[in-house]
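Chemist:
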């Protein structure tokens, strides 16, 4: 489909996997088609949990818990020559962001074989959701569901819909100096810049004072 003359090319959303030690991107997974809808839910972190707690009613412990849900669609049906394995590669790339790699699993087994009493859980790459240059958010994938809708002769999926739910990671989760914590602070700073010009006189709401 051709775009309108003069219209800027639309950007593609996707995930970036970042090395937790170096802070460098290790893999970029773009969406073939940007989501049509995005559902976001915010749960404030208040201190006062009981009605009538006057001392704590307005206090906040930190940023709200935020979740996002969306669907990403992929289609290799019209370009089979470019995708000999169908959608296996892109689906595997998305799914493996939730897996420890084989080397890490073997190292855990080796440590157990050596009698190591405490085996630390492996650290996965930081997952960053990119929805345009002004919404770059560190997240953890919480829900992931794939519907494979069509297949080639080798039963490789060639059309799929991926339903994804993520939880935004904040400085409460990652700290202030972690790469993800810095990305979160930049994300919230951008949100504050968006909100700054939104202000009107009280009369707009039909009142003269509060």
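In UniProt numbering, the protein residues as written are 1 to 210.
Built from N, CA and C at the ideal position, the CB exists for glycine as well.
Source: prediction; values computed, not measured.
#1: From 120, 115 and 129, pick the residue whose C-alpha is nearest to that of residue 38; which is it?
#2: In three-state terms, what does DSSP make of residue 186?
#3: The alpha helix (DSSP H) that contains residue 89, what's its start and end?
#4: Going by DSSP, what residues sit across from residue 160 in a beta bridge?
#5: If we count the other Cβ atoms within 10 Å of its Cβ and call it buried at 16 or more, is residue 196 buried or exposed?
#6: Please state whether DSSP places residue 66 in a helix, a strand or coil.
#7: Quick check on DSSP: helix, strand or coil for residue 115?
#8: To the nearest angstrom, how far is the alpha carbon of residue 102 from that of residue 56?
#9: With distances taken between CB atoms, is the gap from residue 138 to residue 187 smaller than 9 angstroms?
#10: Is the region 147 to 154 in contact with the region 117 to 129, if contact means three or more CB pairs nearer than 8 angstroms?
#11: Can you tell which of 31, 63 and 54 has its C-alpha closest to the C-alpha of residue 43?
#12: Within a Cβ cutoff of 7 angstroms, which residues of the same chain sit near residue 192, ignoring the five residues on either side of it in sequence?
#13: Measuring only the C-alpha atoms, how far is residue 92 from residue 46?
#14: Count the CB pairs spanning the region 161 to 171 and the region 60 to 75 that are closer than 8 angstroms, and state whether there are at least three.
#15: Pick from 144, 177, 34 and 145: whose alpha carbon is nearest that of residue 9?
#16: What are the residues that DSSP puts in a beta bridge with residue 29?
#17: Taking the C-alpha atoms as reference points, what is the distance between residue 203 and residue 180?
#18: Who are the near neighbours of residue 83 in its chain, counting only those whose CB is closer than 7 angstroms to its CB and skipping five residues on each side?
#19: Spatial neighbours of residue 208 within its chain, please: CB distance less than 7 angstroms, with the 5 preceding and 5 following residues excluded, ordered by chain position.
#20: How would you call residue 28, buried or exposed, if buried means at least 16 neighbouring beta carbons within 10 angstroms?
#21: Using a Cβ-Cβ cutoff of less than 6 angstroms, which residues in the same chain neighbour residue 174 once the five nearest sequence positions on both sides are dropped?
#22: Roughly how far, in whole angstroms, is the beta-carbon of residue 79 from the beta-carbon of residue 162, given that I think they are within contact range, below 8 angstroms?
Modeler: So, from the data block:
#1: Position 38 of the chain shown, counted from the first residue, corresponds to residue 38. If we check each option's Cα against that of residue 38, 129 comes out closest.
#2: The residue given as residue 186 occupies position 186 in the chain shown. Three-state DSSP puts residue 186 in a helix.
#3: By 1-based counting over the chain shown, the position of residue 89 is 89. Counting along the chain, the alpha helix (DSSP H) containing residue 89 begins and ends at 88 to 96.
#4: In the chain shown, counting from the first residue as 1, residue 160 sits at position 160. Residue 160 is bridged to 74 and 148.
#5: One-based indexing of the chain shown puts residue 196 at position 196. Its Cβ having fewer than 16 others within 10 Å, residue 196 is exposed.
#6: The sequence position of residue 66 within the chain shown is 66, counting from 1. DSSP, read as helix, strand or coil, puts residue 66 in strand.
#7: Numbered from its first residue, the chain shown carries residue 115 at position 115. Reduced to three states, the DSSP call for residue 115 is coil.
#8: By one-based count along the chain shown, residue 102 stands at place 102. By one-based count along the chain shown, residue 56 stands at place 56. Approximately 48 angstroms between the Cα atoms of the pair.
#9: For this step, residue 138 is matched to residue 138 along the chain shown. For this step, residue 187 is matched to residue 187 along the chain shown. The answer is yes: Cβ separation under 9 angstroms.
#10: no
#11: On the chain shown, position 43 is the one that residue 43 refers to. Answer by Cα proximity: 63.
#12: Within the chain shown, residue 192 is the residue found at index 192, counting from 1. Closer than 7 angstroms at Cβ, skipping near neighbours: no residue.
#13: On the chain shown, position 92 is the one that residue 92 refers to. On the chain shown, position 46 is the one that residue 46 refers to. So the two alpha carbons sit approximately 39 angstroms from each other.
#14: yes
#15: For the purposes of this step, residue 9 is taken as the residue at position 9 of the chain shown. When only C-alpha atoms are compared, the closest one is 34.
#16: One-based indexing of the chain shown puts residue 29 at position 29. 15, per the DSSP bridge assignment.
#17: Counting from one through the chain shown, the residue named residue 203 turns up at place 203. Counting from one through the chain shown, the residue named residue 180 turns up at place 180. Looking at the two C-alpha atoms, the distance is approximately 42 angstroms.
#18: Locating residue 83 in the chain shown gives position 83, counting from the first residue. So the qualifying residues of the chain are 76.
#19: Along the chain shown, one-based indexing puts residue 208 at 208. Listed in chain order, the non-local C-beta contacts of residue 208 below 7 angstroms within the same chain comprise 202, local neighbours out to five positions each way being set aside.
#20: The residue you call residue 28 lines up with position 28 of the chain shown. Burial check for residue 28: the Cβ neighbour count within 10 Å stays below 16, so the residue is exposed.
#21: Position 174 of the chain shown holds residue 174. The answer, listed in chain order, is 180 and 181.
#22: Position 79 of the chain shown, counting from 1, holds the residue named residue 79. Position 162 of the chain shown, counting from 1, holds the residue named residue 162. Cβ-Cβ separation between residue 79 and residue 162: approximately 18 angstroms, too far for a contact (criterion under 8 angstroms).
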